Amino acid sequence: MTGIEVLRPGLATTVQDWPGRIGYWHVGVPPSGPMDDLSFRLGNRALGNPEGSAGLECTKTGPALRFSAATTVCITGAAAPVTVDGVPVPQWVTVPVPAGGVLDVGVVPGPGLRCYLLVAGGLSAPHHLGSAATFPLGPIGRALQAGDRLTAAGGVTRSGRRVPHEHQPAIGHRWQLAVTEGPHGAPEFLTRSDIQMLLDTDFTVHYHCDRTGVRLIGPKPRWARPDGGEAGLHPSNIHDTGYSVGALDFTGDTPILLGPDGPSLGGFVCPLTVTRADRWKLGQLSPGDTVRFVPVRADRAASARTLGTARRAGLSAVVSTGGDGDDGILDHYTGADGTTSTLRRAGDDGVLLEYGAMTLDLTLRARVQALYDRLRELDVPGVGELNPGVRSLLVKFDPDALSVREVADLLTGVDDRLPACAQLTVPSRTVRLPLSWDDPAAREAIARYMRAVRDDAPWCPSNIEFTRRINGLDDIADVRDIVYAAQYLVLGLGDIYLGAPVATPLDPRHRLVTTKYNPARTWTPANAVGIGGAYLCIYGVEGLGGYQLVGRTTQVWDSTRHETPWLLRYFDRISFYPVSTDELADLRADLAAGRGHVEVADGEFALAAHQAFLAEHAESIAEFRDRQATAFRAERAAWQRAGELG
33 MTGIEVLRPG LATTVQDWPG RIGYWHVGVP PSGPMDDLSF RLGNRALGNP
83 EGSAGLECTK TGPALRFSAA TTVCITGAAA PVTVDGVPVP QWVTVPVPAG
133 GVLDVGVVPG PGLRCYLLVA GGLSAPHHLG SAATFPLGPI GRALQAGDRL
183 TAAGGVTRSG RRVPHEHQPA IGHRWQLAVT EGPHGAPEFL TRSDIQMLLD
233 TDFTVHYHCD RTGVRLIGPK PRWARPDGGE AGLHPSNIHD TGYSVGALDF
283 TGDTPILLGP DGPSLGGFVC PLTVTRADRW KLGQLSPGDT VRFVPVRADR
333 AASARTLGTA RRAGLSAVVS TGGDGDDGIL DHYTGADGTT STLRRAGDDG
383 VLLEYGAMTL DLTLRARVQA LYDRLRELDV PGVGELNPGV RSLLVKFDPD
433 ALSVREVADL LTGVDDRLPA CAQLTVPSRT VRLPLSWDDP AAREAIARYM
483 RAVRDDAPWC PSNIEFTRRI NGLDDIADVR DIVYAAQYLV LGLGDIYLGA
533 PVATPLDPRH RLVTTKYNPA RTWTPANAVG IGGAYLCIYG VEGLGGYQLV
583 GRTTQVWDST RHETPWLLRY FDRISFYPVS TDELADLRAD LAAGRGHVEV
633 ADGEFALAAH QAFLAEHAES IAEFRDRQAT AFRAERAAWQ RAGELG
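Quick note: the sequence shown uses the numbering used here, first residue 33, plus one each step.
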């Protein structure tokens, strides 16, 4: 083994492996791994390591490391000054480091943003949920700090082995990204002229770009619909659905390319998705760079299996094949029980199946669960992550093993054989959580938004007052009473990372409907409680956010439980009880120390009983919805007059 002492950590140097943390997308754990996986894998290949062996990702500024034993390294990715004991050494070539030698990786001047340091034998790092990849937001691991000590398997391999020039990725300031249309494009969500605008525009990379996503600056879409209905007031809002890495996610009017640390689930339109073989480029996009999207046919997208034959990384341009010409729609069909379905393309390695109309219907969520459970039982080779949404299931697959047509046929075939879901009964625990109403941390998030993003938003300075107004309630106390009275059914996990639930009240009279921030907040405290569209979310980690905040609760992710750190499950029923700010702080501290306790009781949810409840209270439910719809229309009209909707 070779010991490695961190003398200088660099700006944001992390341990990564490839393909990262796979198998936990459905509970909000992103894959992480190297953002420019191509450079990373090529470096390992040059050293004779397995392509996925753990190494270091260095963002903008690299580290200085002292090696206890002689070894061999390879530095790839963006160009940076590299020395061994003060002597310059090349990148893309395996170079020796003597025992006691100091390897120094300097500042990446650009173009590009990230370089990679691979070591013979690979780094030996602790695994969490099956991977050594760092996810700092988790926190799963952290960036290097001075004084840290790493270990590598060690050994000396032949130096001077070069990654062939034609295999090295071309890194510049002007980028072309191969994309497929979908899952949510024209003419349902954006206009056809909006799609053409996306393809004709040179977008600029915003300074706010990181591993979660790369924000772009460009023209706003005109949109094909006035709002998102139950999903929110802005037309970018949809019922929460699974996301693909590389999706172009419109949070309001702001486009963001989702990275390997991005969210797995969310409620925003994604009209384009970067192909698998071009996603490495996201790791090298730098503020001020320009990006042009180039449509390609999904079945002709370059394979990621080979790095130098099926695709040539040295080519800076993407050859357009004109796109698929189907607006991202693979198929429409009607199942044996009359349920309509839409199959949407989610990149060249994903299919999104949606049930029914764009509305909140628990019968549809029950059908999603039945499909999800059946596919997990079948365990079809080539089918990867399965990620349930409110009325959808995202299916990721290996395009080297299955074609998109084969995946579509698989889904329609399994769906046709599903049992009727109207009588679905599933395990459903009751989970009682403390809620500090209008918590100071939530107010701080709003204040930061007003200082740094915009101070004229309709939901500022009080998200709770905005929620009252858009729902036609008489007093903000009514908002509080409804939230505490509601029982929220968990429909998805990972909405804002790490087991964070997207849930909706079982009683429609408790179903407050709001919209999401446009643009999103730049900071939200962990475990803030918010409402967006007709859904409630508990933020799993500190970070971005768009839901209207009403308070804060305790942790929904316990890292000390290594096998199943997530608290909640699909179809759990959450309710809140009031606590003070100080009481919440104590409860959070107890849980963090492993002393806390969450009140959980077993039970079940029967869809037939729920339907009977809706029928019994149909009149009062209709009255509530009518009042709510009137207020919602009035708010939308006010937004229209103010130019909020374009």
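Note that CB positions come from ideal geometry on N, CA and C, so glycine has one too. Keep in mind it's a predicted model, so treat the numbers as computed, not measured.
Beta-carbon gap between residue i and residue j smaller than 9 Å
i           : j           : result
residue 317 : residue 436 : no
residue 156 : residue 184 : yes
residue 478 : residue 494 : yes
residue 132 : residue 98  : yes
residue 51  : residue 84  : yes
residue 287 : residue 230 : yes
residue 226 : residue 37  : no
residue 646 : residue 600 : no
residue 568 : residue 534 : yes
residue 325 : residue 280 : yes
residue 327 : residue 285 : no
residue 465 : residue 606 : yes
residue 125 : residue 193 : yes
residue 256 : residue 222 : yes
residue 523 : residue 272 : yes
residue 163 : residue 54  : yes
residue 395 : residue 639 : yes
residue 548 : residue 299 : yes
Identity of the residues DSSP links to residue i by a beta bridge
i           : result
residue 90  : 45 and 147
residue 106 : 150
residue 37  : 98 and 181
residue 288 : 247 and 281
residue 207 : 323
residue 528 : According to DSSP, which records beta bridges pairwise, residue 528 is partnered with nothing at all.
Extent of the continuous alpha helix (DSSP H) to which residue i belongs
i           : result
residue 475 : 472-484
residue 281 : No alpha helix (DSSP H) contains residue 281, which is instead part of the beta strand (DSSP E) from 279-283.
residue 658 : 650-674
residue 221 : Taken as a continuous stretch (DSSP letters only), residue 221 belongs to no alpha helix (DSSP H), as it is neither H nor E.
residue 517 : 508-517
residue 398 : 394-410
residue 495 : 495-502
Sequence-distant residues of the same chain with beta carbon closer than 6 Å to residue i, five excluded per side
i           : result
residue 415 : 429
residue 152 : 79, 103, 104, 187 and 189
residue 115 : 136
residue 336 : Note that residue 336 scores a pLDDT of 46, beneath 50, so its modelled location is shaky; the value from the coordinates is reported in the next line. Taken in chain order, the residues that qualify are 308 and 309.
residue 315 : 67, 68 and 146
residue 560 : 474, 571, 581 and 584
Enclosing beta strand (DSSP E) for residue i [first to last residue]
i           : result
residue 424 : 424-429
residue 364 : 361-366
residue 607 : 605-610
residue 580 : 580-584
residue 306 : 304-306
residue 270 : 269-274
Nonlocal neighbours in the same chain, by C-beta distance under 7 Å from residue i, ignoring five residues either side
i           : result
residue 660 : 503, 504 and 545
residue 542 : 514, 517 and 518
residue 512 : 469
residue 259 : 265, 266, 267 and 668
residue 330 : 212, 356, 377, 380 and 436
residue 241 : 247, 317 and 319
residue 392 : 262, 271, 422, 536 and 566
residue 643 : none
Minimum C-alpha distance to residue i - residue among the options
i           : options               : result
residue 589 : 548, 560 and 530      : 530
residue 319 : 411, 413, 225 and 142 : 142
residue 135 : 72, 88 and 274        : 88
residue 633 : 578, 485, 325 and 462 : 462
residue 297 : 304, 280, 239 and 276 : 276
residue 378 : 674, 307 and 538      : 307
residue 246 : 235, 253 and 451      : 235
residue 630 : 195, 455, 487 and 585 : 585
residue 107 : 35, 71 and 255        : 71
residue 624 : 121, 441 and 171      : 171
residue 675 : 237, 490, 40 and 73   : 490
residue 566 : 587, 540 and 574      : 540
residue 426 : 433, 413, 407 and 432 : 407
residue 45  : 243, 621, 550 and 57  : 243
residue 62  : 169, 91 and 119       : 169
residue 617 : 455, 452, 636 and 557 : 557
Beta-carbon proximity list for residue i, same chain, < 8 Å, skipping 5 on both sides
i           : result
residue 366 : 372 and 373
residue 82  : 76 and 154
residue 662 : 504
residue 35  : 99, 100, 101, 181, 182 and 183
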